[in-house]
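Residue numbers for the sequence shown follow our numbering, beginning at 200 and rising by one.
Down below is the structure, laid out as structure tokens.
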Amino acid sequence: MTPEKHHYIDPSTPEWMNIPPSTGTSILACEFKDGVVIGADSRTTTGLYVANRVTDKLTKVTDHIYCCRSGSAADTQAIADIATYHLSNISLFLLAGLV
Numbered sequence: 200m201t202p203e204k205h206h207y208i209d210p211s212t213p214e215w216m217n218i219p220p221s222t223g224t225s226i227l228a229c230e231f232k233d234g235v236v237i238g239a240d241s242r243t244t245t246g247l248y249v250a251n252r253v254t255d256k257l258t259k260v261t262d263h264i265y266c267c268r269s270g271s272a273a274d275t276q277a278i279a280d281i282a283t284y285h286l287s288n289i290s291l292f293l294l295a296g297l298v
């Protein structure tokens, strides 16, 4: 018997019970004539446990740039924060005529 097979499950068990749960993120962006629509699911999981059902996976970086986050929540939030910081500094330099 191979380790991948669940020998403890009765052969009469429905097939859907043998499928491992999906914990992926759904992120979508659609461009149309007048703009872009972006969306994402709102759940954060830790393994099979849903740690938070209301997570914002879309982060505003500038007025016209958004970051769609997937993966480790802490890491992706840190990257979005760093990008926001650097772009804010660049825009200040541009407004001041220093670049």
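Ideal placement from N, C-alpha and C gives every residue a C-beta, glycine not left out.
- DSSP places L293 in the helix class (H, G or I) of the three-state scheme.
- Annotation for V260: no beta strand (DSSP E) segment contains it, and DSSP assigns it neither H nor E.
- Under DSSP, E230 shares a beta bridge with V235.
- Excluding its 5 nearest sequence neighbours in each direction, F292 has C-beta neighbours in its own chain below 8 Å: V298, listed in chain order.
- When the beta-carbon positions are compared, C266 and T258 come within less than 7 Å of each other.
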